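Numbering (the working numbering), first residue to last: 203 to 614.
This report refers to the structure that appears directly beneath it.
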Ligand SMILES: *Cc1c(COP(=O)(O)O)cnc(C)c1O
C-alpha cells in the first residue's frame with residue numbers, strides 16, 4: 203500500500219489480496235490448513251521453523267500458508283490493515299486483547315526481567331502481571347500513569363518493558379507517551395501502549411516513540427460488540443519475529459471469521475470514532491451542568507487535568523477525528539445507592555461492562571470492573587462508590603441524555 207493514502211482509505215483498501223475468484227469484498231478463508239502442489243513445496247514451506255532456527259530466516263508469511271495457527275489470509279489481512287493504520291510495518295492478530303498482552307510478555311521477557319506499568323490498567327492486565335507472570339519470575343512495579351517522575355524512579359537495571367494504557371479506564375487520565383518513551387529509550391527498555399480507548403484514528407503510539415501497540419479488537423475495532431480478538435503492531439523486525447515465533451508456537455490464534463468482522467469494522471472506524479467523540483462531548487457537557495452530578499471525568503472538558511496534553515496529542519489526528527474519545531465517567535451526588543439508582547432507571551442504555559460499542563453502555567466500576575481490588579486500592583485509583591462510567595454509543599444524543607436524566611432527576 204503506497205504511503206500517501208489517507209487513513210480513511212488505508213482502512214478500506216489495505217490488507218486485501220483478491221483471490222482468483224475476483225471477489226470485491228474480502229473473502230473468509232475458513233480453513234485450518236493449506237494444500238501443497240507437491241512434496242517439494244510442502245518441505246520448502248515447512249522449512250522455516252522460526253522458533254528453532256534463526257528467526258530472521260523465517261519467511262513463512264510471504265513464503266506461503268501452511269496452517270492457520272501460523273498464518274491465515276483473512277487473519278493476516280486484518281493484522282496488516284491495522285498495522286498500516288498504526289503506521290507500523292508488522293501486525294499480528296490474536297484470539298483476544300489479553301492474548302495479545304500475554305503473547306507480548308511471553309515473546310519479549312524472561313525470568314529475572316522487570317516491568318514498569320501504569321497502575322490504572324485494565325483489570326485482567328493487572329492480574330496477568332501480578333498473578334501469572336510473577337510466578338514465572340517477572341516482577342512488575344506499578345506507577346501513576348500521569349507522573350513521569352514515578353516512571354523514571356521505578357527503572358531498574360533489569361527493566362525490559364514499560365507498559366501503559368492511555369486514556370485510562372474509567373477516569374480517562376492521559377499519559378504523555380513521548381515522555382515515557384524517552385524514559386524507556388534511555389533505559390534500553392521497550393515501551394508498549396494499549397491503544398484500546400483511542401484507536402489509531404485518534405492516537406498512533408509508534409509515532410510518539412512506543413515500540414509496540416497493543417489492541418483489543420473486541421472494543422472499538424469491531425465496534426458492534428460481536429467478536430473477541432486482539433492484535434499487536436510494531437515497526438521493529440526483531441520484535442515482530444520474536445512475537446510471531448511465540449504466538450505460532452503457543453497458539454492464541456484469531457479465528458478467520460472474527461478477523462473478517464474486525465477488518466470490516468476498521469473500514470468504518472474513523473466515522474464511528476468521530477460520532478462516539480461528538481456524543482461523548484455533548485454528554486459530558488450536559489452532565490457537567492447537572493445539579494445531581496458532582497464531577498465529570500472527560501478529557502474534552504477544560505476542567506480535566508490533562509486537557510491540554512490531550513489536545514496536543516490529538517492534534518496530528520484532527521483530519522481524521524476531532525475529539526477526546528467515547529468514554530465519560532461521572533460522580534453523582536450521594537454514594538453507591540444513588541449511582542445504582544441512576545443505572546437502574548435507564549431503559550435504553552445497556553447495563554454491561556463492555557465498551558466501544560454502537561450501543562451506549564453504563565457501568566458501576568466499584569462493584570463490577572474494579573470490584574476485585576480492595577477498597578484501599580480502589581480509593582488510591584480514585585474509583586469512588588458514586589462513580590458511573592458511560593461508553594457513549596451512536597444512538598441519538600438526545601435519547602442517551604433523556605435516559606440518564608430519568609435517574610438523575612430522582613437524586614435530591
Ligand atoms: C477489554 C480490554 C482489554 C482486554 O481485551 P479482551 O479482548 O477482552 O481480551 C485490554 N485492554 C483494555 C484497555 C481493554 O479495555
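Cβ atoms here follow ideal geometry from the backbone N, Cα and C, with glycine treated the same way.
Note that the coordinates shown come from a computational prediction; the quantities given were computed from them, not determined experimentally.
Beta-carbon proximity check, residue i vs residue j, cutoff 8 Å
i, j, result
"residue 565", "residue 555", "yes"
"residue 497", "residue 532", "yes"
"residue 482", "residue 528", "yes"
"residue 288", "residue 395", "no"
"residue 385", "residue 407", "no"
"residue 294", "residue 445", "yes"
"residue 304", "residue 321", "no"
"residue 284", "residue 463", "no"
"residue 516", "residue 277", "no"
"residue 535", "residue 613", "yes"
"residue 366", "residue 377", "yes"
"residue 589", "residue 372", "yes"
"residue 623", "residue 530", "The structure shown does not extend to residue 623, since the chain is modelled only from 203 through 614, so no value can be given for it."
"residue 458", "residue 231", "yes"
"residue 343", "residue 332", "no"
"residue 456", "residue 296", "yes"
Residue i Cβ short of 7 Å to ligand 1 heavy atom set
i, result
"residue 298", "yes"
"residue 324", "yes"
"residue 641", "Here the chain has residues from 203 to 614 only, and residue 641 is not among them."
"residue 432", "yes"
"residue 420", "yes"
"residue 398", "yes"
"residue 367", "yes"
"residue 451", "no"
"residue 563", "no"
"residue 327", "yes"
"residue 371", "yes"
Opening and closing residue of the beta strand (DSSP E) in which residue i lies
i, result
"residue 564", "563–565"
"residue 499", "495–499"
"residue 593", "589–593"
"residue 619", "Here the chain covers residues 203 to 614 and nothing more, so residue 619 does not appear."
"residue 341", "341–345"
"residue 331", "No beta strand (DSSP E) holds residue 331; DSSP gives it neither H nor E."
"residue 292", "292–296"
"residue 531", "529–534"
"residue 238", "That residue, residue 238, is in no beta strand (DSSP E); it is neither H nor E in DSSP."
"residue 365", "361–367"
"residue 268", "First-last for residue 268: undefined, no H or E at that position."
Inter-residue spacing [alpha-carbon to alpha-carbon] between residue i and residue j
i, j, result
"residue 352", "residue 381", "12 Å"
"residue 430", "residue 418", "8 Å"
"residue 257", "residue 243", "At residue 257, the pLDDT of 38 sits below 50, so the modelled position is not reliable and the matter cannot be decided from this model."
"residue 465", "residue 279", "7 Å"
"residue 281", "residue 217", "8 Å"
"residue 301", "residue 432", "7 Å"
"residue 263", "residue 238", "Model confidence at residue 263 stands at a pLDDT of 45, short of 50, so the residue's coordinates are unreliable; what they give is reported in the following sentence. Each residue's alpha carbon lies about 15 Å from the other."
"residue 469", "residue 520", "18 Å"
"residue 389", "residue 405", "24 Å"
"residue 253", "residue 450", "Caution applies to residue 253, whose pLDDT of 46 falls short of 50 and renders its modelled position unreliable; the model cannot decide the point."
"residue 246", "residue 354", "48 Å"
"residue 410", "residue 291", "15 Å"
"residue 581", "residue 345", "15 Å"
"residue 479", "residue 502", "9 Å"
"residue 261", "residue 319", "Only weak support exists for where residue 261 lies, its pLDDT of 39 falling under 50; the value from the coordinates is given anyway. Between residue 261 and residue 319, the C-alpha separation is close to 33 Å."
"residue 298", "residue 326", "12 Å"
"residue 443", "residue 211", "28 Å"
"residue 550", "residue 602", "7 Å"
"residue 190", "residue 240", "No answer is possible for residue 190: it lies beyond the span of the chain, which begins at 203 and ends at 614."
"residue 286", "residue 228", "17 Å"
"residue 514", "residue 267", "43 Å"
"residue 323", "residue 223", "45 Å"
"residue 579", "residue 317", "20 Å"
"residue 575", "residue 272", "37 Å"
Opening and closing residue of the alpha helix (DSSP H) in which residue i lies
i, result
"residue 478", "471–490"
"residue 380", "379–388"
"residue 394", "No alpha helix (DSSP H) holds residue 394; the beta strand (DSSP E) holding it covers 392–396."
"residue 324", "Premise fails: residue 324 is in no alpha helix (DSSP H) and is neither H nor E."
"residue 310", "299–310"
"residue 433", "Where residue 433 is concerned, there is no enclosing alpha helix (DSSP H), although the beta strand (DSSP E) it sits in stretches over 432–436."
"residue 288", "275–288"
Residue-level contact to chain D via CB, residue i, 8 Å cutoff
i, result
"residue 458", "Of the protein chains in this structure there is only one, and it is not chain D."
heavy atom of ligand 3 below 7 Å from residue i C-beta
i, result
"residue 606", "For the structure depicted, ligand 3 is absent and the ligand set comprises only ligand 1."
- Count the CB pairs spanning the stretch 465–484 and the stretch 404–423 that are closer than 8 Å, and state whether there are at least three. At 8 Å Cβ cutoff, the stretches touch.
- Query: With contact counted as at least three CB pairs below 8 Å, one residue from each stretch, are the stretch 356–368 and the stretch 311–318 in contact?
  - Reply: Three or more beta-carbon pairs drawn from the stretch 356–368 and the stretch 311–318 are found closer than 8 Å, and the two stretches are therefore classed as touching.
- Would you call the stretch 540–559 and the stretch 512–527 touching, i.e. three or more CB-CB distances under 8 Å? Output reads no: the stretch 512–527 does not touch the stretch 540–559.
- Is there contact between the stretch 334–343 and the stretch 578–587, where contact requires at least three CB pairs shorter than 8 Å? Contact between the stretch 334–343 and the stretch 578–587 is absent, because fewer than three Cβ pairs lie under 8 Å.
- Message: Taking 8 Å as the cut-off, does the stretch 498–510 touch the stretch 546–553 (at least 3 CB pairs, one atom from each stretch)?
- Response: Touching, no.
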